[in-house]
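424 is the number of the first residue of the sequence shown in our numbering; add one for each residue after it. Scroll down for the structure; my scribbles are underneath it.
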Amino acid sequence: MYTSETANEDSERTAFRKAEKKYKLYYDTSKKRKHPKTVDLSDVIDFKAVLESYNQNGQLPEGVFAQGSDLYLPVFGLKSRPGFYFIPGALTIKEQCRWIRESLTSFPQPPNRTNHNAIYGHIRDLFVASKEGKILTEVESLSKSNGSGVDVIEGNDPKWKFSEEQCVTSGGSSSKSVSASVLLRKLRWSTLGLQFDWSKRSYNISLPHQKIPDALCQLAKTLAAPAMPPGEVFQPEAAIVNYFSSGARRSWAISLITVLLSLPIKPNIDVFLLPGDMLGGHLDDMEKDWSKPIVSLSLACKAIFLLGGKTREDTPLAMFLRSGDIVLMAGEARECFHGVPRIFTDGGHAEISDLESCFSHEDDSSFLEYCRTSRININIRQVD
Ligand SMILES: O=C(O)CCC(=O)C(=O)O
Ligand SMILES: [Fe+2]
Numbered sequence: 424m425y426t427s428e429t430a431n432e433d434s435e436r437t438a439f440r441k442a443e444k445k446y447k448l449y450y451d452t453s454k455k456r457k458h459p460k461t462v463d464l465s466d467v468i469d470f471k472a473v474l475e476s477y478n479q480n481g482q483l484p485e486g487v488f489a490q491g492s493d494l495y496l497p498v499f500g501l502k503s504r505p506g507f508y509f510i511p512g513a514l515t516i517k518e519q520c521r522w523i524r525e526s527l528t529s530f531p532q533p534p535n536r537t538n539h540n541a542i543y544g545h546i547r548d549l550f551v552a553s554k555e556g557k558i559l560t561e562v563e564s565l566s567k568s569n570g571s572g573v574d575v576i577e578g579n580d581p582k583w584k585f586s587e588e589q590c591v592t593s594g595g596s597s598s599k600s601v602s603a604s605v606l607l608r609k610l611r612w613s614t615l616g617l618q619f620d621w622s623k624r625s626y627n628i629s630l631p632h633q634k635i636p637d638a639l640c641q642l643a644k645t646l647a648a649p650a651m652p653p654g655e656v657f658q659p660e661a662a663i664v665n666y667f668s669s670g671a672r673r674s675w676a677i678s679l680i681t682v683l684l685s686l687p688i689k690p691n692i693d694v695f696l697l698p699g700d701m702l703g704g705h706l707d708d709m710e711k712d713w714s715k716p717i718v719s720l721s722l723a724c725k726a727i728f729l730l731g732g733k734t735r736e737d738t739p740l741a742m743f744l745r746s747g748d749i750v751l752m753a754g755e756a757r758e759c760f761h762g763v764p765r766i767f768t769d770g771g772h773a774e775i776s777d778l779e780s781c782f783s784h785e786d787d788s789s790f791l792e793y794c795r796t797s798r799i800n801i802n803i804r805q806v807d
């Protein structure tokens, strides 16, 4: 799915890489307290401002056009990137909250796969386990401890189970366990519908899967319309949910890696060492028909999206992605490198105040806590 180069010397020099470096989060360590380095954001296209001025006086910046649609919302395109569409604020706050909830609770449930499958097998109810302060422990170490308070995890032969924290520590067996909250923070992706096999880099139709939930399917069909070939209807068959977490919990990640390295079979830890708050430049090239769009929903913290050209040498355009924005990439735009070099988690820039009111009920505090330092992206695809 993701065609990506490893960061060798050449790729360091490409225009895409330069833009990634420009916008990536760096910390200024010269001051007493760690501060994000200031970045010049003046070149970043702000479609929220474009929409405001378009609604007020019909004016659009150079290179941007507006397209009518049945969505009752303006759909913007870029003259230099045919097939790319941006629909600012397309999702209501209620819809955003709904998809955030689903992304954290139902979407990572088996048979859907997540990045954690490779090590732990299917994990059920990770979000609830995190809320309840549970610990995931390897079955063998658990049997050495007092063995009570164990929740079952999906799978024929589960090797890892959730237990109450005391259950593990009281047995004195502290290795080969990891807290659910760390795993939630380290959740990078889950796949819906047809499952993508990252090791073979293709969709594996023999992996157990469920259809994309009807409501998400309907939403994707409606949103895809402006980018569809005339007379055709988008058929959502697969989706990837990307979870971007800020690096604030890096120390947690280091503890997890320590645990992983103590396993008899060493997992590939490269995947864990990738910063969780960015997505490197890539193409999505595993779907057959590129005339069909990828429908991409942004949720929670604001981000910068880079839309390059057909090679990494083309200078990318940078734009803000806010919670509720929709991006469509079809036709020629599907051949364009793209990525997310930055999410904003600081109060002034994250722009999640509407979500804060939506998740203001006490019962929703874990959703709010997650949203304050994270971004979620759901991208929906027609595979055949
Ligand atoms: O997070 C985003 O907005 C883009 C995600 C993406 O490009 C992908 O998953 O292929
Ligand atoms: Fe992509």
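Here a beta-carbon is modelled for each residue, glycine too, at the ideal position from N, C-alpha and C.
Reduced DSSP category for Ser-625 - H, G, I as helix; E, B as strand; rest coil:
Translated into the one-based positions of the sequence shown, residue 625 becomes position 202. DSSP places Ser-625 in strand when its eight states are reduced to three.
By how many angstroms is the C-alpha of Ala-552 removed from the C-alpha of Asp-712?
The residue you call residue 712 lines up with position 289 of the sequence shown. The residue you call residue 552 lines up with position 129 of the sequence shown. Cα-Cα distance, rounded: 40 Å.
When we look at the beta-carbon of Thr-537 and count the other beta-carbons within 10 Å, is it buried (16 or more) or exposed?
Counting from 1 along the sequence shown, the entry for residue 537 is found at position 114. Answer is buried; the Cβ neighbour count reaches 16.
Quick check on Tyr-495: buried or exposed, where buried means 16 or more other Cβ atoms within 10 Å of its Cβ?
In the sequence shown, residue 495 corresponds to position 72, counting from 1. The Cβ neighbour count for Tyr-495, taken over all protein chains shown within 10 Å, is under 16; the residue is labelled exposed.
Looking only at DSSP bridge pairs, what is His-632 linked to?
Sequence index remark: in the sequence shown, residue 632 carries index 209 (1-based). According to DSSP, His-632 shares a beta bridge with no other residue.
Short Cβ contact (8 Å threshold) for Phe-470 with Pro-511
Indexing the sequence shown from 1 puts residue 470 at position 47. Indexing the sequence shown from 1 puts residue 511 at position 88. Yes, Cβ-Cβ distance for Phe-470 and Pro-511 is below 8 Å.
Quick one, what's near ligand 2 if you take every residue whose CB is closer than 6 Å to any heavy atom, in chain order?
Taking each Cβ in turn, the ones that pass are His-705, Asp-707, His-761.
What is the C-beta distance between Glu-561 and Lys-599, in whole angstroms, given that I count them as a contact (C-beta under 8 Å)?
Here the question's residue 561 lines up with position 138 in the sequence shown. Here the question's residue 599 lines up with position 176 in the sequence shown. Rounded, the Cβ-Cβ distance is 4 Å, consistent with contact.
Determine whether the beta carbon atoms of Ala-753 and Gly-506 lie at a separation below 8 Å.
Within the sequence shown, numbered from 1, the residue matching residue 753 stands at position 330. Within the sequence shown, numbered from 1, the residue matching residue 506 stands at position 83. Ala-753 places its beta carbon less than 8 Å from that of Gly-506.
Assign Ser-776 to buried or exposed, taking buried as 16 or more other Cβ atoms, counted over all protein chains shown, within 10 Å of its Cβ.
Along the sequence shown, read from residue 1 onward, the residue named residue 776 stands at position 353. Ser-776 comes out exposed.
What's the call for Val-664, buried or exposed, on a 16-neighbour Cβ count within 10 Å?
Taking the first residue of the sequence shown as 1, we reach residue 664 at position 241. Result: buried.
DSSP-derived helix/strand/coil call for Ala-648:
Position 225 of the sequence shown, counted from the start, is the residue given in the question as residue 648. In this structure, Ala-648 counts as helix in the three-state DSSP scheme.
Does at least one heavy atom of ligand 1 sit under 7 Å from the Cβ of Ser-797?
Along the sequence shown, read from residue 1 onward, the residue named residue 797 stands at position 374. No, Cβ of Ser-797 sits at least 7 Å from all heavy atoms of ligand 1.
From Gly-747, Cys-724, Ala-741, residue whose alpha carbon lies closest to that of Ile-766
As a working mapping, residue 766 is identified with position 343 in the sequence shown. Looking at the Cα atoms, Cys-724 is the closest of the given residues.
Roughly how many whole angstroms lie between the Cα atoms of Ser-499 and Pro-649?
What you label residue 499 is simply residue 76 of the sequence shown in a count that begins at 1. What you label residue 649 is simply residue 226 of the sequence shown in a count that begins at 1. In the sequence under discussion, the amino acid at residue 499 is Phe, which differs from the Ser named in the question. Between the alpha carbons of Phe-499 and Pro-649 lies a distance of about 10 Å.
Which ranges would you report for the beta strand (DSSP E) in the stretch 484 to 547 if only whole runs of at least 3 residues count?
DSSP runs (the beta strand (DSSP E)) wholly in the stretch 484 to 547: 487 to 490, 498 to 501, 507 to 510.
Would you say the stretch 439 to 452 touches the stretch 729 to 739, given that touching needs at least three Cβ pairs under 8 Å?
Here the stretch 439 to 452 lies against the stretch 729 to 739, with 3 or more beta-carbon pairs under 8 Å apart.
Starting from Arg-765 and walking both ways along the beta strand (DSSP E), at which residues does that stretch end?
Locating residue 765 in the sequence shown gives position 342, where the first residue counts as 1. From DSSP, the beta strand (DSSP E) with Arg-765 extends over 761 to 766.
Are there 16 or more other CB atoms within 10 angstroms of the CB of Pro-764, so buried, or fewer, so exposed?
For the purposes of this step, residue 764 is taken as residue 341 along the sequence shown, with counting starting at 1. Result: buried.
Reference Asp-493, options Ile-803, Phe-782, Leu-646, closest by Cα:
The residue given as residue 493 occupies position 70 in the sequence shown. That would be Leu-646, whose Cα lies nearest to the Cα of Asp-493.
Which first and last residues belong to the alpha helix (DSSP H) in which Val-467 is found?
Sequence index remark: in the sequence shown, residue 467 carries index 44 (1-based). Premise fails: Val-467 is in no alpha helix (DSSP H) and is neither H nor E.
Taking 7 Å as the line, does the beta carbon of Asn-538 fall inside it for any heavy atom of ligand 1?
For the purposes of this step, residue 538 is taken as the residue at position 115 of the sequence shown. Not under cutoff, so the answer is no.
Quick one, are the C-beta atoms of Ser-797 and Ser-669 less than 8 Å apart?
For the purposes of this step, residue 797 is taken as residue 374 along the sequence shown, with counting starting at 1. For the purposes of this step, residue 669 is taken as residue 246 along the sequence shown, with counting starting at 1. The Cβ-Cβ distance between Ser-797 and Ser-669 falls below 8 Å.
What are the boundary residues of the beta strand (DSSP E) that includes Leu-615?
Residue mapping note: residue 615 aligns to position 192 of the sequence shown, counting from 1. Leu-615: member of the beta strand (DSSP E) spanning 612 to 616, first to last residue.
Quick check for students: name the residue ranges of the beta strand (DSSP E) that lie wholly in the stretch 735 to 761, counting only runs of 3 or more.
As far as the stretch 735 to 761 is concerned, its whole beta strand (DSSP E) runs of at least 3 residues are 740 to 744, 749 to 752.
Suppose contacts are defined by Cβ-Cβ distances below 8 Å. Is Asp-700 in contact with Leu-448 by that definition?
The residue labelled residue 700 in the question sits at position 277 within the sequence shown. The residue labelled residue 448 in the question sits at position 25 within the sequence shown. With respect to the 8 Å criterion, Asp-700 and Leu-448 are classified as neighbours on the basis of their beta carbons.
Alpha carbon of Phe-782 to alpha carbon of Leu-722, nearest angstrom
As a first step, residue 782 is located in the sequence shown; it is residue number 359 there, counting from the start. As a first step, residue 722 is located in the sequence shown; it is residue number 299 there, counting from the start. So the two alpha carbons sit approximately 13 Å from each other.
Near Gly-731, what residues of its chain come up, given a Cβ to Cβ distance below 6 Å and the 5 sequence neighbours on each side ignored?
Taking the sequence shown and counting its residues from 1, the one referred to as residue 731 is at position 308. Around Gly-731: Phe-439, Asp-737, Pro-739, Cys-759, Phe-760.
Check this for me: beta carbons of Arg-602 and Ile-558, under 8 Å apart or not?
Here residue 602 refers to the residue found at position 179 when the sequence shown is read from its first residue. Here residue 558 refers to the residue found at position 135 when the sequence shown is read from its first residue. Residue identity check: residue 602 is Ser in the sequence provided, not Arg. For Ser-602 and Ile-558, yes; Cβs fall inside 8 Å.
Less than 8 Å between the beta carbons of Tyr-508 and Ala-489, yes or no?
The residue labelled residue 508 in the question sits at position 85 within the sequence shown. The residue labelled residue 489 in the question sits at position 66 within the sequence shown. No, the pair does not count as a contact, with Cβ atoms beyond the cut-off.
Among all the DSSP beta bridges, which residues are the ones paired with Phe-667?
Taking the sequence shown and counting its residues from 1, one reaches residue 667 at position 244. Phe-667 is bridged to Arg-798.
Using a Cβ-Cβ cut-off of 7 Å (strictly less than) and excluding sequence neighbours within five positions of Cys-627, which residues of its own chain qualify?
If you number the sequence shown from 1, residue 627 lands on position 204. For the record, residue 627 in the displayed sequence is Asn; it is not Cys. The beta carbon of Asn-627 sits closer than 7 Å to the beta carbons of Gln-618, Asp-620 from its chain, once the five residues preceding and following it are set aside; these are given in chain order.
Beta carbon of Ile-801, beta carbon of Val-467: below 8 Å?
Taking the sequence shown and counting its residues from 1, one reaches residue 801 at position 378. Taking the sequence shown and counting its residues from 1, one reaches residue 467 at position 44. It is not a contact, given that the beta carbons lie outside the stated cut-off.
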